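Colleague: Questions regarding the structure given below will be posed in turn.
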Amino acid sequence: MSKLALRGVSKLFGATVVVDNVELALDEGEFVSLLGPSGCGKTTTLRMIAGFIEPTTGTIEMGGRLLSSSAGSVPPERRQMSMIFQSYAVWPNMTVEENVAFGLRLRQVRDADARRRVREMLEVVHMSHLAQRYPSELSGGQQQRVALARAVVIRPSVLLLDEPLSNLDAGLREEMRGEIRRLHEEFRTTTVYVTHDQAEAMATSDRIAVMSQGRIEQVDDPHTLYTRPRTRFVAGFIGRTNFIEGVCDGADIVFDRFNVPRGALPGGATLAGKVTFSVRPQSMRLLPGGSQRPGPGPLVEVRVAHRTYLGECWDYVVKAVAGSTQLRVTAPPLEVYDVGQALWLELDPTQMAPIV
Amino acid sequence: MLLWLALMAVLAFLVVNPMFRLVSASLEEPGSQALTLANYRAAYGSLRHLQALLNSLEVGTGAALLAGALGVPVAWAVSRTDMPAKSFVRLMALGAFIIPPYLGAIGWILLTGPNAGWLNRLWMAASGGEHGIFNIYSMGGLIAVVGFSSFPYVFVFTNSALDLVPSEMEDAANILGAGTLQTAFRVTLPLVLPAILGGLIVCFLEAIALFGAPAMIALPARFHVVATQLWRFFEYPLRVEEAAAYSIPLLLITMFLLWLQRALTRRKGYATVTGRGGERRMIRLGRWRWAALAYALAVGALSVMLPLFVLLQAAFAKAWGRGLSLENLTLGNFRYVLFEQTQAQHAIVHTFVYAGAAAFAAMGLSLGIAYVVSRKLFRWGNALGFLCMAPIVIPGIVLAIGFYAAYAPPPLALYGSATMVILAFTTRFLPIAYASIAAGIGGIGMEIEEAVRILGGGRLTAIRKVLAPLLKKSLAGAWILVFILAVRELSTAIFLVGPDTRVISVMMFDLSEEGNFETLAALGAIMLVVSIAIASLGFRIIGRDFMLRRN
Chain E
1 MSKLALRGVS KLFGATVVVD NVELALDEGE FVSLLGPSGC GKTTTLRMIA GFIEPTTGTI
61 EMGGRLLSSS AGSVPPERRQ MSMIFQSYAV WPNMTVEENV AFGLRLRQVR DADARRRVRE
121 MLEVVHMSHL AQRYPSELSG GQQQRVALAR AVVIRPSVLL LDEPLSNLDA GLREEMRGEI
181 RRLHEEFRTT TVYVTHDQAE AMATSDRIAV MSQGRIEQVD DPHTLYTRPR TRFVAGFIGR
241 TNFIEGVCDG ADIVFDRFNV PRGALPGGAT LAGKVTFSVR PQSMRLLPGG SQRPGPGPLV
301 EVRVAHRTYL GECWDYVVKA VAGSTQLRVT APPLEVYDVG QALWLELDPT QMAPIV
Chain U
1001 MLLWLALMAV LAFLVVNPMF RLVSASLEEP GSQALTLANY RAAYGSLRHL QALLNSLEVG
1061 TGAALLAGAL GVPVAWAVSR TDMPAKSFVR LMALGAFIIP PYLGAIGWIL LTGPNAGWLN
1121 RLWMAASGGE HGIFNIYSMG GLIAVVGFSS FPYVFVFTNS ALDLVPSEME DAANILGAGT
1181 LQTAFRVTLP LVLPAILGGL IVCFLEAIAL FGAPAMIALP ARFHVVATQL WRFFEYPLRV
1241 EEAAAYSIPL LLITMFLLWL QRALTRRKGY ATVTGRGGER RMIRLGRWRW AALAYALAVG
1301 ALSVMLPLFV LLQAAFAKAW GRGLSLENLT LGNFRYVLFE QTQAQHAIVH TFVYAGAAAF
1361 AAMGLSLGIA YVVSRKLFRW GNALGFLCMA PIVIPGIVLA IGFYAAYAPP PLALYGSATM
1421 VILAFTTRFL PIAYASIAAG IGGIGMEIEE AVRILGGGRL TAIRKVLAPL LKKSLAGAWI
1481 LVFILAVREL STAIFLVGPD TRVISVMMFD LSEEGNFETL AALGAIMLVV SIAIASLGFR
1541 IIGRDFMLRR N
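Rendered as structure tokens:
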């Protein structure tokens, strides 16, 4: 049985559908991100899980117990969850220690016990030396650690994070997302993490639910999500991609100037009619032009239209010599080609993902 | 929902019903419920009553212009120039706030009463003349006294707007060849014109709503203003309905002008006055800075130091007219009011108890309502906030008449009771407490409370453990402001207190009619000492600008 389950959850503000029929189930100890652009309903979904907002329709259950339904809901303070807020919401009138101890005190944990757990927790987040400080004397990253410690120390049944890193600068963000994942490995708390940053989601999550316009587009582990996006939105939102169209024709799928046998494509047997594929720029290879076929994969004759050098790689835009297809291809720094140069473009059918 | 209904009921009792009764009383035939316009005809049918209304407008206009002439230059000098002793000048503005206008009026009666006044005697001694040249008991005297005491309003409004004008605005004029004064008049002051006008409007409204100073000055001078005329309606035979009708224009003028004032100052001057645009340098006045200081000190002398000095002299004198000499010095007045005269003792106790109770009530009510409004707990929460702010448009006397009309008759028959006074004070100062607390709550994000709730604390835990500690300053500030204002409040009290519930302000008013200035001054000194002590406590815990902030 799943730990946390959202069944057909929708939320309307007035006539606007903010969350649209969301289905999501988390296993015990799983870390799931809600990823999507701003306004996609991810924060609203999180706040419904927390109990700050009631769903218009649908239910939220935890361990088989009904938490929210349109008929009413368990208030946030009785859900045994904890949450990390965008603003951290560290209480400025309490010291670091008092902040972290707050949840334990509410649970009437014995004093000595509480003190020990707070001490251990502060150690885990490397804040022991600042236990007596007030939040106004801490940096953003340190406040973030306090918020983390405060949320995790009570061993919540579910931990919710609402864009916790969006107020930090880039370097700190990377460090803190490592920290969040480390804490998760240590405590294995069932976690829902809201973010608009795909790198954050990929780095921290067991699975990612990509949301757009209130709907969940796809839920998968980061690798599957990247390599086998199922919708155009997911393919475009996670990393960069090219879209090319093919038509099923007997045993082959016919593209502009090249064919791919169905068998070469994962799941290719079930495709029919016109199909759009997502092809990642990294999944293709550019090879110097010449008469002989250099590789086993499908080849297209192309010319370089633009190029941008990014240090870590080249970013080429190539155009098929015949036809109008234009593709973006990434190449290692040493593969230098000039604009206008004729090349072979080699595709890898196993990395082409059909999307709906 | 229950909470909402409860708060709504309290506000209905405190704000809505008194105002409703005011209007309905003005339209009722005395003794019956029949609708009539007779009260309005009686109230405005006489030329004398119309003249009083005109007099009020004259006092208001004159006092506002005078306060502008005093306040604007001082505000400019404090905010924009290198005039010395700025904090002393600010302190005097604060002093003028704390001294209620009727005490200022007493001070000026002692200074410029015909022949007997200090300044007149000084003049006679200097010139050898038979008569003094000043006569406080005149329209000019009243305007001067009210203008002196209300200069801080203009000062504070103008000063805080000027503090936001970046120096670059002035540099731009200087580089084009404008001198200091030219820049001030053509650039700086026009930039803050809306704030100045806003301050003038507040002065005007204060002036027409005053009761004490006009009663002490205008009545001996044999003319009436609206406030004193309303007082007449309350003498025998009591004509509450006529009073209600007569007070309606005052209410309408106040509503209109406050609306205008909001509209003017909401624009925050002009677009440039945003607080950005960096650096502010003080204009170097050179030798002229001493002239600026002299002017500021003169203003301070007129509004604070001179009246305060003669009041203190009277408080410590056997007879104030005998002047400054050692054998005229006594503590007898204080002994009399503190230990001998039971009426005065009672008045002192009443004053602080009522003011304290009203301050707690206004603070608690404001906290509850500000919370409900800011956290959007109910759909119609905003209505509560609106009602909380509504009394700001009701002049003290008008509010008193409304309370009288609503709660003096049976079944409640609260007239003359402590409850009545406390309730009226609470209503009168509710907007002040609410504005301060609502601003405080608005500055505290929702998430900080949600963090409590998700960790297992209820709403009350969140309020007790997090919100209240964070609001400590706003709450204390609200309490102190209401307390100080309630301690000095005269115009509401005079209509509502009974023989057993007299407060210091009312007692001082009565003493002034008897001409017993020494006892009066001693009472006034006690009131000021307590007010100042509480205010400085406020500075200690909240920071020094809390009373001089705008609004």
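Protein chains in written order, with this note's numbering: chain E, 1 to 356; chain U, 1001 to 1551. Cβ atoms here follow ideal geometry from the backbone N, Cα and C, with glycine treated the same way. Being a predicted model, the structure only gives us computed values, none of them experimental.
#1: Along the alpha helix (DSSP H) that carries residue 1509 of chain U, what are the first and last residues, could you check?
#2: Can the beta-carbon of residue 1108 of chain U be found less than 7 Å from the beta-carbon of residue 1307 of chain U?
#3: Quick one: list the residues of chain U neighbouring residue 81 of chain E, beta-carbon separation under 7 Å, in chain order.
#4: Closer than 7 Å by beta-carbon distance: list the chain U residues that pair up with residue 103 of chain E, in chain order.
#5: Tell me, please, which residues DSSP counts as bridged to residue 346 of chain E.
#6: Does the beta-carbon of residue 196 of chain E have 16 or more other beta-carbons within 10 angstroms, so that it is buried, or is it exposed?
#7: For residue 1518 of chain U, which residues of its own chain have a beta-carbon under 8 Å away from its beta-carbon, when the five flanking residues on both sides are left out?
#8: Quick check: the segment 1119-1127 of chain U against the segment 1027-1044 of chain U, are at least 3 beta-carbon pairs closer than 8 Å?
#9: Does the Cβ of residue 99 of chain E have 16 or more other Cβ atoms within 10 Å, making it buried, or fewer, making it exposed?
#10: For residue 1445 of chain U, return the contacting residues in chain E, with the cut-off set at a CB-CB distance below 9 Å.
#11: Count the other CB atoms within 10 Å of the CB of residue 1159 of chain U; is the residue buried (16 or more) or exposed (fewer)?
#12: Give the residues of chain U in contact with residue 155 of chain E, contact being defined as C-beta atoms less than 8 Å apart.
#13: Could you pull the start and end residues of the beta strand (DSSP E) that residue 220 of chain E belongs to?
#14: According to DSSP, is residue 1115 of chain U part of a helix, a strand, or is it coil?
#15: What residue range does the beta strand (DSSP E) around residue 324 of chain E cover?
#16: Does any residue of chain E bring its CB to less than 7 Å from the CB of residue 1372 of chain U?
#17: Quick one, which residues of the segment 103-129 of chain E are near chain U if we go by CB-CB under 7 Å, in chain order?
#18: Does any CB atom of chain E fall closer than 7 Å to the CB of residue 1566 of chain U?
#19: Are there three or more Cβ pairs, one per stretch, closer than 8 Å when the segment 1125-1140 of chain U is compared with the segment 1327-1342 of chain U?
#20: Would you kindly work out how many angstroms separate the C-alpha atoms of residue 1272 of chain U and residue 1291 of chain U, rounded to a whole number?
#21: Using 10 angstroms around the beta-carbon of residue 1474 of chain U, count the other beta-carbons present and answer buried if the total reaches 16, otherwise exposed.
#22: What residues from the segment 1492-1513 of chain U come within 8 Å of chain E, judged by C-beta to C-beta, listed N to C?
#23: Give the straight-line distance between the Cα atoms of residue 1450 of chain U and residue 1003 of chain U, rounded to the nearest whole angstrom.
#24: What is the DSSP secondary structure of residue 968 of chain U, reduced to helix, strand or coil?
#25: Please confirm whether residue 133 of chain E and residue 96 of chain E have their CB atoms less than 7 Å apart.
#26: For chain C, check one thing: does any of its Cβ atoms lie closer than 7 Å to the Cβ of residue 50 of chain E?
#27: Could you pull the start and end residues of the alpha helix (DSSP H) that residue 1376 of chain U belongs to?
#28: Count the other CB atoms, across all protein chains shown, that sit within 10 Å of the CB of residue 1250 of chain U; report buried if there are 16 or more and exposed otherwise.
#29: Contact criterion: CB-CB distance below 7 Å. Does residue 164 of chain E meet it with respect to chain U?
#30: What is the DSSP secondary structure of residue 1321 of chain U, reduced to helix, strand or coil?
#31: Taking just the CA atoms, how far does residue 211 of chain E sit from residue 349 of chain E?
#32: On the criterion of 16 or more Cβ atoms from any shown chain inside 10 Å, does residue 163 of chain E qualify as buried, or is it exposed?
#33: Which residue's Cα is closest to the Cα of residue 145 of chain E: E:186, E:122 and E:237?
#34: Pull up the distance between the alpha-carbon of residue 1276 of chain U and that of residue 1168 of chain U, whole angstroms please.
#35: Does the CB of residue 93 of chain E have a neighbour CB from chain U at under 7 Å?
#36: Given a threshold of 16 other Cβ atoms within 10 Å of its Cβ, counted over all protein chains shown, does residue 1528 of chain U qualify as buried or as exposed?
Modeller: In terms of the structure at hand:
#1: Position 509 of the second sequence holds residue 1509 of chain U. Residue 1509 of chain U -> alpha helix (DSSP H) spans 1504-1514.
#2: To locate residue 1108 of chain U, count along the second sequence from 1; it is residue 108. To locate residue 1307 of chain U, count along the second sequence from 1; it is residue 307. Taking 7 Å as the Cβ cut-off, residue 1108 of chain U and residue 1307 of chain U qualify as a contacting pair.
#3: For the purposes of this step, residue 81 of chain E is taken as residue 81 along the first sequence, with counting starting at 1. Per Cβ cutoff of 7 Å: 1454.
#4: What you label residue 103 of chain E is simply residue 103 of the first sequence in a count that begins at 1. 1455 and 1456, listed in chain order.
#5: If you number the first sequence from 1, residue 346 of chain E lands on position 346. Answer is E:285 and E:299, bridged to residue 346 of chain E.
#6: On the first sequence, residue 196 of chain E is found 196 positions in, with the first residue counted as 1. Classification of residue 196 of chain E: buried, given that the 10 Å Cβ count is 16 or more.
#7: Position 518 of the second sequence, counted from the start, is the residue given in the question as residue 1518 of chain U. Excluding positions up to five away in sequence, the list reads 1314, 1315, 1317, 1318, 1319, 1320 and 1333.
#8: no
#9: In the first sequence, residue 99 of chain E corresponds to position 99, counting from 1. The residue in question, residue 99 of chain E, is buried, as its Cβ has 16 or more Cβ neighbours within 10 Å.
#10: Position 445 of the second sequence, counted from the first residue, corresponds to residue 1445 of chain U. The contacting residues are 85, 87 and 89.
#11: Counting from one through the second sequence, the residue named residue 1159 of chain U turns up at place 159. When all chains shown are included, residue 1159 of chain U counts as buried.
#12: Along the first sequence, one-based indexing puts residue 155 of chain E at 155. Going along chain U, no residue has its Cβ under 8 Å from residue 155 of chain E, so there is no contact; the nearest lies around 12 Å.
#13: Counted from its first residue, the first sequence places residue 220 of chain E at position 220. Segment 215-220, the beta strand (DSSP E) holding residue 220 of chain E.
#14: Translated into the one-based positions of the second sequence, residue 1115 of chain U becomes position 115. Correct three-state label for residue 1115 of chain U: coil.
#15: What you label residue 324 of chain E is simply residue 324 of the first sequence in a count that begins at 1. Here residue 324 of chain E belongs to no beta strand (DSSP E), and DSSP marks it neither H nor E.
#16: Locating residue 1372 of chain U in the second sequence gives position 372, where the first residue counts as 1. Not closer than 7 Å to any Cβ of chain E, the Cβ of residue 1372 of chain U fails to qualify, so no.
#17: 103, 106 and 107
#18: Nothing about residue 1566 of chain U can be read from this structure; chain U reaches only from 1001 to 1551.
#19: In short, these stretches do not touch, since the Cβ pair count stays below three.
#20: Counting from 1 along the second sequence, the entry for residue 1272 of chain U is found at position 272. Counting from 1 along the second sequence, the entry for residue 1291 of chain U is found at position 291. Because the pLDDT at residue 1272 of chain U is just 45, under 50, the model does not fix this residue reliably, and the point stays unresolved.
#21: Within the second sequence, residue 1474 of chain U is the residue found at index 474, counting from 1. Buried, because 16 or more other Cβ atoms sit within 10 Å of the Cβ of residue 1474 of chain U.
#22: none
#23: In the second sequence, counting from the first residue as 1, residue 1450 of chain U sits at position 450. In the second sequence, counting from the first residue as 1, residue 1003 of chain U sits at position 3. The straight-line gap from Cα to Cα measures roughly 20 Å.
#24: This structure gives no information on residue 968 of chain U, because the portion of chain U shown stretches from 1001 to 1551.
#25: Residue 133 of chain E sits at position 133 when you count from the first residue of the first sequence. Residue 96 of chain E sits at position 96 when you count from the first residue of the first sequence. Yes, they are a contact pair.
#26: The structure shown has no chain C; the protein chains it does contain are E and U.
#27: Working through the second sequence from its first residue, we reach residue 1376 of chain U at position 376. It is not in any alpha helix (DSSP H) - residue 1376 of chain U carries neither H nor E in the DSSP assignment.
#28: Against the second sequence, residue 1250 of chain U aligns to sequence position 250. Answer is buried; the Cβ neighbour count reaches 16.
#29: One-based indexing of the first sequence puts residue 164 of chain E at position 164. Put simply, the CB of residue 164 of chain E is far from chain U, with every gap to its CB atoms at 7 Å or more.
#30: For this step, residue 1321 of chain U is matched to residue 321 along the second sequence. In this structure, residue 1321 of chain U counts as helix in the three-state DSSP scheme.
#31: In the first sequence, counting from the first residue as 1, residue 349 of chain E sits at position 349. In the first sequence, counting from the first residue as 1, residue 211 of chain E sits at position 211. Between residue 349 of chain E and residue 211 of chain E, the C-alpha separation is close to 27 Å.
#32: To locate residue 163 of chain E, count along the first sequence from 1; it is residue 163. Residue 163 of chain E should be labelled buried.
#33: Counting from one through the first sequence, the residue named residue 145 of chain E turns up at place 145. It is E:122.
#34: Sequence index remark: in the second sequence, residue 1276 of chain U carries index 276 (1-based). Sequence index remark: in the second sequence, residue 1168 of chain U carries index 168 (1-based). Unreliable positioning characterises residue 1276 of chain U in this predicted model, as indicated by a pLDDT of 48, which lies under 50. A coordinate reading is not provided.
#35: Looking up residue 93 of chain E in the first sequence gives position 93. Chain U, which has a Cβ nearer than 7 Å to the Cβ of residue 93 of chain E, makes this yes.
#36: Taking the second sequence and counting its residues from 1, one reaches residue 1528 of chain U at position 528. Only buried fits residue 1528 of chain U, as 16 or more other CB atoms lie within 10 angstroms of its CB.
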